[in-house]
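One structure below.
Numbering (this note's numbering), first residue to last: 929 to 1804.
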């Protein structure tokens, strides 16, 4: 991290889901934390474990959770971070916990009297410089601190996180008129750099920014759905991804966070909202009655045994059936996947097409979204002076793709205003002052937004303020020329002699177009060494890369199996050509990635989100990484019946051999690499910190807690590597050969016998073992990098020619899930299965570590152009 944080010790008071999540995120940032909660009823006075049970249980719950299985509770980025948390209780440990705390954050029950009683204790126990905060968003700050001393009021603020605190990007901060002027900016900087948040300073208004609008949106949807007796799965299909909100939709999201929040939020807002607020106009009684009945029945949400708005029923045959609650009577009914014309229209043409769909679902979507966007517009300047803060709050607090003003821009301000007026609704002042202009506009390469002056009754564009320590990649691309470009990738100038390689294919998958741009980029930078001295690999999407575009290869498999191709004999001819093309693609990928690794300039990978398969392989070839804290990295090819084919086996094996303090000869690193590549479900990292511990990253790699800072941090790291840079030299490997392969074979046979591996896993493992043990070698004879890459190519080709691997690829592309073979359908022995895989003996080709030239470069360009044509013509 860039600097020592001014928060080094903290105390979190309240160990529920939110409080424990805040404590975990502080621990992730290196802060020493006390986590306290009440003493459970009937806990003996001398039994420390029993008295600390709530906090202890919260820590254990978070240690068991992962982002994939339980994101609400997956608070720790690495299990070791739990050691920074000291559990306790509010009766025995409060004085000890807050005595040296730089920040004390209260996250207890939303009961004003209980909060005030706690503050009275804190006033006498906290050190004078401690910041004291509440996590509430339902009680105004001035109400919380009523009756407190001036000294207390000067250091009190609200720091409102969103659940789960690790993953939600928004942190709202509210300070009062008596709060010291430097506290909010210092906490804003800490939240940004060290906790990874987009921190917005808010006015002390009910529910602040995100919840004020987000809760209105949910209740508007619930009210309209009850009124129209709309099936809830259809509501969620409409008000989820099609309008840029999370795929769970309204009822699915409430199930996720727990529906018990509904009556609490309703009561709080009705107490604090202005008398004329639109939220008060809803018929809350019907919704609260439905929710009350669900809560009485124990239907509190997704994790409850009886579910919530949705539940799962196990059928007599062992299958599961999803049920949904009927809004009219509270009974459950079987759910079928909605197929709605308005959703289909939105998928193809955007949300405007959904609102224009003339059926009950399109009209439902329009009414709910229209009223929500109008509500947001009426709240300027009550809750915020800057529309950009409102949009950022909805994106960060609700994972929305667009905030309300961005969404109006999506459909067109003039279209929206005309439609609203056609419905007989008056436009709020913000929309009148916009005068049909978009709320956002790029001017002179800078993104600007409308700034409203209500005294003068005018609005003018002003650039969005720069965020210190961040680079806006969108603005860079608007203001600078592209250096290299093809369908799936581009090279940009970041300034100061640093370039940025960007993937922009669907899901940032890697294809010949990407390889072509990488090859050209290495050559371009080498030829222009006086101007360009370092490269960053980055994109601003949710995921860095989901690996190679296997859809292109699968399309080829489908073509050769088409009845016409079989009948005419063309399938066999085309199939031979397809396998030759795959062989060439593997060689090209190895060559291009190798050129990147041995380039005469430093290369820094800057991943965010998932970097799997080929996306992980390219990062393994970088000199260094600047990882976003939420990076999920690993080699997952075995799930589709393949092994890494673009140097991933060789590079990860080298990492395992170079691991500090490694003992035991040549076998341990081979075994470690074998397990990591063969069992990605265990080896894919659950964070950047986890990626380092699993050797996907190096200990010297940087971690940016805030994704907004990754690009700037990566550029700085790249520049730091420039002085006296020397590219690495190709290494050699000491590998065990056939004896090591026999040992690995015994291990996988044991997995198979226990039911932990399928018969095709055995086939894949055999190919992987051949590569990692060096083929026909011994520990006395070093294996060159080129020899290992040759083995990798041959074994990859042997697997992709098997029918079962082709089935796995097709199944994964269609369902998004790996195909697991049925063991009852196999009668062959494991040795027969292994021998059935035919390994081609490929002509030796040297991977030079230089960009492809001549015919090789021309072939890559042809494949890139053909890929672009196919993707433009056939990709959805």
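Idealized CB from N, CA, C, for every residue including glycine.
Taking the beta strand (DSSP E) that residue i falls in, what are its first and last residues?
i, result
"residue 1537", "1537-1540"
"residue 1017", "1013-1017"
"residue 1648", "Counting along the chain, residue 1648 falls outside any beta strand (DSSP E), though it belongs to the alpha helix (DSSP H) covering 1638-1649."
"residue 1381", "1374-1381"
"residue 1409", "Element bounds for residue 1409: n/a, residue is neither H nor E."
"residue 1241", "1238-1242"
"residue 1614", "Counting along the chain, residue 1614 falls outside any beta strand (DSSP E), and DSSP gives it neither H nor E."
"residue 1561", "1559-1562"
"residue 1790", "No beta strand (DSSP E) contains residue 1790, which is instead part of the alpha helix (DSSP H) from 1782-1802."
Can you give the beta carbon distance from residue i to residue j, rounded, assuming they're within the 8 Å contact cut?
i, j, result
"residue 1638", "residue 1534", "5 Å"
"residue 926", "residue 1643", "As displayed, the chain neither begins before 929 nor continues past 1804, which places residue 926 out of reach and without an answer."
"residue 1174", "residue 1614", "Contact flag wrong, Cβ pair sits at about 20 Å."
"residue 1407", "residue 1352", "Contact doesn't hold; Cβ gap of about 44 Å is too wide."
"residue 1293", "residue 1216", "Residue 1293 to residue 1216, Cβ: 24 Å. No contact."
"residue 1365", "residue 1378", "7 Å"
"residue 1480", "residue 1795", "7 Å"
"residue 1665", "residue 1706", "5 Å"
"residue 981", "residue 971", "7 Å"
Rank the options by C-alpha distance to the C-alpha of residue i and give the top, closest one.
i, options, result
"residue 1224", "1196, 1211, 1191 and 1207", "1191"
"residue 1641", "1748, 1465, 1606 and 1480", "1465"
"residue 1771", "1664, 1725 and 1730", "1725"
"residue 1798", "1368, 1390, 1415 and 948", "1415"
"residue 1645", "1518, 1678, 1529 and 1228", "1529"
"residue 1745", "1659, 1103, 1568 and 1314", "1568"
"residue 937", "1013, 1277, 1742 and 1554", "1013"
"residue 948", "1512, 1756 and 987", "987"
"residue 1526", "1272, 1718 and 1659", "1659"
"residue 1460", "1481, 975, 1429 and 1509", "1429"
"residue 1199", "1133, 1221 and 1037", "1133"
"residue 1767", "1603, 1747, 1606 and 1703", "1703"
"residue 1473", "1039, 1447, 1564 and 1399", "1564"
"residue 1787", "1735, 1511, 1595 and 1687", "1511"
Rounding to the nearest angstrom, what Cα-Cα distance links residue i and residue j in this structure?
i, j, result
"residue 1463", "residue 1779", "15 Å"
"residue 1332", "residue 1208", "20 Å"
"residue 930", "residue 1685", "Note that residue 930 has pLDDT 48, beneath the 50 cutoff, so the model's placement of it is unreliable and no number is given."
"residue 1801", "residue 1266", "28 Å"
"residue 1181", "residue 1597", "44 Å"
"residue 1601", "residue 1662", "14 Å"
"residue 1187", "residue 1067", "20 Å"
"residue 934", "residue 1117", "10 Å"
"residue 1765", "residue 1758", "11 Å"
"residue 904", "residue 1095", "Examination of residue 904 is not possible in this model, given that the chain is present from 929 through 1804 alone."
"residue 966", "residue 983", "9 Å"
"residue 1678", "residue 1671", "11 Å"
"residue 1302", "residue 1339", "14 Å"
"residue 945", "residue 1038", "14 Å"
"residue 1289", "residue 1348", "18 Å"
Is residue j closer than 8 Å to residue i when the C-beta atoms are compared?
i, j, result
"residue 1577", "residue 1699", "yes"
"residue 1631", "residue 1609", "no"
"residue 1436", "residue 1469", "yes"
"residue 1152", "residue 1295", "yes"
"residue 1123", "residue 1633", "yes"
"residue 1432", "residue 1412", "no"
"residue 1749", "residue 1732", "yes"
"residue 1356", "residue 1282", "no"
"residue 1321", "residue 1137", "yes"
"residue 1387", "residue 1394", "no"
"residue 1164", "residue 1179", "yes"
"residue 1027", "residue 1055", "yes"
"residue 962", "residue 1021", "yes"
What residue range is occupied by the uninterrupted alpha helix (DSSP H) comprising residue i?
i, result
"residue 1714", "1713-1728"
"residue 1281", "1279-1283"
"residue 1685", "Careful: residue 1685 lies outside any alpha helix (DSSP H) and carries neither H nor E."
"residue 954", "945-956"
"residue 1071", "1069-1072"
"residue 1747", "Where residue 1747 is concerned, there is no enclosing alpha helix (DSSP H), given that its DSSP letter is neither H nor E."
Taking CB distances under 8 Å as the criterion, tell me whether residue i reaches chain D.
i, result
"residue 1331", "Among the protein chains of the structure shown there is no chain D, as only one such chain exists."
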